[in-house]
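With my numbering applied, the sequence shown corresponds to residues 1 to 224, in that order. Quick reminder that beta carbons are idealized off the backbone N, C-alpha and C, glycines included. First up is the structure itself, then whatever we jot down about it.
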Amino acid sequence: MNWRPGVAGLSGGFAGALAGHIAVTLITRLGAQLWLVGPYGPPMQFFAMSVYLGFLYASIAGALSRQIRPALVGFGSACLPIALPMTILTHWPGPLRAFLHLLARSPAITVRLMRALHVLNPIALIWTIAVLTVYLVATWGTTLALGALLCPARRWLGAILAAVGSGAGYLALQLFAHFIPLPSRWDPTSFIPAPLDLLTGLLIGAGMGAGIGWAQDRQHKEPS
């Protein structure tokens, strides 16, 4: 197995986590926590989160491909699925109001969800679900898209193994954090990122790189 993509993903993940934190710190000083946020919903910094993830996945994609196009795909597919829906929902929350009415018809399910997500009321619940949804769509959608993009001969295999590698990196992160707790508070006012953020970039990047490298090896070994 070729380990170079894993090493490239590791370095790209570290660089992306660092660059993303620095970028968010800079734009936060310009008031980015208020950019795109409408009058509805709790205070949130979804634009900063979308920029951070954009830099992270752009750096991973650029390190794996050494090309501009995959890096741009990584940035756009991680940033836009968070920034655009949350901008719309914080200005026009009609869909979330409809979801709230739906939850009102199932109080038992609502209570279970509130306990599972550690929120205190249904309004906080629907916003939490919205944020989790766009985050999952952005991260896993980007992972699948980059895996398919970087393995053109077998796109489905590239997408699946990129997701498997990313998932393995996430599990390794959870195990590490369980046995060796690290400071995890995200402070966008400081240029020094939390160690856990850098470790997240390292492991997610390494996992994606290893998965994509495995897919590329299988692609090249196919008989012509």
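C-alpha gap between methionine 208 and leucine 53, whole angstroms: Position 208 of the sequence shown, counted from the first residue, corresponds to residue 208. Position 53 of the sequence shown, counted from the first residue, corresponds to residue 53. Roughly 15 angstroms between the two C-alpha positions.
Which listed residue (Asp217, Met44, Leu144, Leu117) has its alpha carbon closest to that of threonine 28: In the sequence shown, residue 28 corresponds to position 28, counting from 1. It is Met44 whose Cα lies nearest to the Cα of threonine 28.
Among Ala145, Leu150, Ala19, Ala130, which has the Cα closest to the Cα of serine 190? Here the question's residue 190 lines up with position 190 in the sequence shown. Per the Cα distances, Ala19.
Check the C-beta distance from alanine 172 over to leucine 196 and give it rounded, since I have them as a contact under 8 angstroms. Counting from 1 along the sequence shown, the entry for residue 172 is found at position 172. Counting from 1 along the sequence shown, the entry for residue 196 is found at position 196. Not confirmed; about 13 angstroms, so no contact.
Contact between the stretch 54 to 67 and the stretch 198 to 215 (3+ Cβ pairs under 8 angstroms): yes
Out of Val119, Phe14, Ile126, point me to the one whose CA is closest to leucine 231's CA. As shown, the chain starts at 1 and ends at 224. That puts residue 231 outside it, with no answer to give.
Does glutamine 33 come out as helix, strand or coil in the three-state DSSP assignment? Position 33 of the sequence shown holds residue 33. In the structure shown, glutamine 33 sits in a helix (DSSP, three-state: H, G or I).
Helix, strand or coil at cysteine 79 [DSSP, three-state]: Numbered from its first residue, the sequence shown carries residue 79 at position 79. If DSSP states are grouped into helix, strand and coil, cysteine 79 belongs with the helices.
Inter-residue spacing [alpha-carbon to alpha-carbon] between leucine 113 and valine 131: On the sequence shown, residue 113 is found 113 positions in, with the first residue counted as 1. On the sequence shown, residue 131 is found 131 positions in, with the first residue counted as 1. Distance between the alpha carbons of leucine 113 and valine 131 is about 14 angstroms.
What is the C-beta distance between valine 24 and proline 81, in whole angstroms, given that I count them as a contact (C-beta under 8 angstroms)? Position 24 of the sequence shown holds residue 24. Position 81 of the sequence shown holds residue 81. Incorrect: roughly 18 angstroms between the Cβ atoms, too far for contact.
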